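Q:
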Amino acid sequence: MSDPRNRELVYAAGDPQTGNLVTPINGSGFTKAFLGNLPAYRKGLSPLRRGLEVGMAHGYWLFGPFAYTSQFRMSKVADVVGLIEAILLIVIASLAMSLYANSNPPKPVVVDPLPEAPASFSTQEGWTDFSSGFLVGGIGGAAFAYVVYLAFKSGVFQAFGSFGG
């Protein structure tokens with residue numbers, strides 16, 4: 006028999022065969038509240054709105070790595086190439102989600118530290134709406150990041166001192 010003190014900090018979340026361990030970090034109230042406020046788990050959102058929020062975040066952060074680390078990073082078109090590459094990756098991810106939606110998705114598995122996933126993640130219509138929102142939000146997020154980058158690059162913010170670089 007194992008020492009019961011071993012279960013004070015780390016214990017198997019339900020079935021030990023799932024490989025998920027609850028620790029003081031991922032089982033804390035703060036972590037559960039933080040994860041519960043993410044668009045995927047927030048209550049009262051439609052699948053389209055969930056996809057829109059997730060897509061905007063992904064489109065916004067994908068622009069930078071593509072603009073600064075692509076093979077065109079030292080050319081004059083690096084920012085445009087970064088925008089195009091970010092949009093292409095968003096389109097590919099949206100197509101993948103649409104394919105998943107048509108595969109008759111199973112009901113999401115509940116994992117202990119996470120709140121229960123919305124019912125829309127177990128239907129074809131829910132995933133289709135989510136992927137549509139992800140596409141629109143992702144393209145919009147990448148375009149917004151591009152516009153912000155152009156504003157900083159143009160020197161508009163130099164009137165504010167060292168804010169614009």
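Following our numbering, the numbering of the sequence shown begins with 6 at its first residue and continues without gaps.
Backbone N, C-alpha and C define an ideal beta-carbon position, used for all residues, glycine too.
Every value quoted in this text rests on a predicted model; they were computed, and no experiment measured them.
1) Whole alpha helix (DSSP H) runs in the segment 83-107 with 4 or more residues, listed along the chain?
2) Are G56 and F135 closer than 8 Å when you measure CB to CB?
3) Span of the alpha helix (DSSP H) holding F77?
4) Check for me: the alpha helix (DSSP H) holding F126 runs from which residue to which?
5) Just to confirm before moving on: does the CB-CB distance between L91 and L67 stay below 8 Å?
6) Per DSSP, what kind of secondary structure is A1 in: helix, strand or coil?
7) Skipping 5 residues on each side, what residues in its chain have a beta carbon closer than 8 Å to that of N109?
8) Got a sec? Which residues, its chain only, sit under 6 Å from L53 by beta carbon, not counting five neighbours each side?
9) Roughly how many angstroms lie between the CA atoms of M79 and Y46, to the nearest whole one?
10) Spatial neighbours of G146 within its chain, please: C-beta separation below 6 Å, excluding the five flanking residues on both sides.
A: So, from the data block:
1) Residue ranges of uninterrupted alpha helix (DSSP H) with 4 or more members, entirely inside the segment 83-107 and ordered along the chain, are 83-106.
2) Reading the sequence shown from its first residue, position 51 is the one you call residue 56. Reading the sequence shown from its first residue, position 130 is the one you call residue 135. It is a contact, given that the beta carbons lie within the stated cut-off.
3) Position 72 of the sequence shown holds residue 77. F77 -> no alpha helix (DSSP H), and no H or E assigned at all.
4) Looking up residue 126 in the sequence shown gives position 121. Counting along the chain, F126 sits inside no alpha helix (DSSP H), nor does DSSP assign it H or E at all.
5) As a working mapping, residue 91 is identified with position 86 in the sequence shown. As a working mapping, residue 67 is identified with position 62 in the sequence shown. First, the residue type needs correcting, since residue 91 is Ala and not Leu in the sequence shown. Yes, they are a contact pair.
6) Nothing about residue 1 can be reported from this structure: the residues present for the chain run from 6 to 170 only.
7) Against the sequence shown, residue 109 aligns to sequence position 104. Closer than 8 Å at Cβ, skipping near neighbours: Q129.
8) Position 48 of the sequence shown, counted from the start, is the residue given in the question as residue 53. Taken in chain order, the residues that qualify are D134, G138.
9) Reading the sequence shown from its first residue, position 74 is the one you call residue 79. Reading the sequence shown from its first residue, position 41 is the one you call residue 46. It is roughly 41 Å from the alpha-carbon of M79 to the alpha-carbon of Y46.
10) Position 141 of the sequence shown, counted from the first residue, corresponds to residue 146. If you ignore the 5 residues before and after G146, its C-beta comes within less than 6 Å of the C-beta of M61, G64, Y65, all in its own chain and listed in chain order.
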